[in-house]
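So in the working numbering, the last spot in the sequence shown is 364, and the numbers never skip. Glycine is no exception: its CB is placed at the ideal position from the N, C-alpha and C atoms.
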Amino acid sequence: MNKEKIEQIQKDAEEALKKAQTSQQLYDTKVLFLGKNGSLSTLMKDMKNLSAEDRPKFGQWVNETKSALESLYETLEKKIKTKELGEQLDNERLDMTLPGPFKPLGAQHLVDKVMDEMIAIFARLGFSVRVGPMIEKDYYNFEALNIPKDHPARDEQDTFYIDSEHVLRTQTSPIQIHTMKIEKPPLKIIGPGAVFRCDYDISHLPMFHQIEGLYVDKKVSMAELKGTMAYFNREFFGADVKTRFRPSFFPFTEPSAEVDASCALCSGKGCRMCKFSGWIEMGGCGLVHPNVLKAAGLSPEEWQGFAFGMGVERMATVKYGIEDIRLFIENDVRFLGQF
Ligand code: DAH
């Protein structure tokens, strides 16, 4: 029986335990020496070869070594666990001074905003909103609006045809027909919505927005139309803005006019926005053509009406001084976020 063997194991074990860096390493080392198949247990198996008087002594040595190593293990374990906990807390610490993740706020699109503003102005005059389909029958988009088959507006270069009978509406005017066919006059409606034309440059988009207006009653005059347009211009641009009508032609109105507002930017003196004319083109209007009333099932002897149509993108460009209409659809938030 030699004590040195035990002492050697104890020395090796102490060294190995002290070298352990993590609690897992420490535990594995402990198992290596004190475990069921560890060095000390293996040594115990030699006990049967010892004499009866040596056995208790040997057992005592092994037990003393065991408990010395156990207590060393516990001391080291406490130290390592404390260190590990500290590291874990350091890693998980929340730095309350760090800025949070940036979540940009959305904004209403300028076209939508101007559309709302235009609708609100007409609502104050008693107009209520009606809508119509974007895919229209040729009949509603053209025929019922007194636009004959050979009219240049039907040019296939302008109109997106879906098939021989259906188009993407090129104007909001068909809303007039739908409304007159369904509802009984007197009518006072506006029809906002997207329209489509095969066109794309600095001042044209293939999809843009219009607001249609329609007023039908027993007696409707050009003066009322002009009063309505003048009210809109003052509300939209400012109290000092003047309104003028220029004679024009639209198949669905007779007489027809183009509406101008005096340029709010230069007070009519002439600037880049009004192309040095002092006037801004607002849209078209006129008294509803008898053929249109007839197509919608109303008698022109009984009913009269005025109608108007304006482009929403155009209104937005003149009000906010935007020179390239394509900015509206490029979705650059640096542009869109400004309004
Ligand atoms: N629909 C016409 C266009 O897109 C605009 C228009 C002009 C509408 C005169 C009207 C109107 O209701 O009376 O160019």
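Segment limits, beta strand (DSSP E) that includes residue i
i    : result
L312 : W304 to V313
E161 : I160 to K162
T67  : Unbroken run through T67 is the alpha helix (DSSP H), S64 to M69; no beta strand (DSSP E).
Q329 : Q329 to G336
S287 : T278 to S287
F274 : T268 to F275
V220 : L212 to F221
V192 : H191 to L193
Per-residue DSSP class, three states only, for residue i
i    : result
D120 : coil
L75  : coil
F233 : strand
G151 : coil
L290 : coil
V136 : helix
L239 : strand
D226 : strand
Residue interval of the alpha helix (DSSP H) (run including residue i)
i    : result
P199 : P199 to I207
V56  : S48 to L59
A248 : M247 to F262
Q35  : K28 to K44
E355 : L352 to E355
V358 : V358 to L361
Pairwise C-alpha distance: residue j and residue i
i    : j    : result
F58  : Q33  : 12 Å
R259 : K243 : 27 Å
L65  : I31  : 8 Å
R339 : R351 : 11 Å
V337 : T122 : 46 Å
D226 : V192 : 22 Å
G346 : E117 : 52 Å
E39  : K73  : 27 Å
S76  : V87  : 16 Å
E237 : A169 : 16 Å
L51  : A41  : 8 Å
A93  : E99  : 10 Å
Counted within 10 angstroms of its Cβ, other Cβ atoms place residue i as buried (16 or more) or exposed
i    : result
L114 : exposed
D175 : exposed
P211 : exposed
S96  : exposed
D163 : buried
N171 : buried
E161 : buried
T197 : buried
Within-9 Å CB hit, residue i to chain D
i    : result
A286 : Among the protein chains of the structure shown there is no chain D, as only one such chain exists.
Cβ-Cβ separation, residue j to residue i (assumed contact under 8 Å), whole Å
i    : j    : result
H203 : Y165 : 7 Å
L250 : F331 : 4 Å
P3   : L318 : Beyond the ends of the chain as shown, which are 26 and 364, falls residue 3; an answer cannot be given.
T268 : M247 : Not really, about 13 Å apart at Cβ, beyond 8 Å.
F152 : I214 : 6 Å
M335 : G308 : 4 Å
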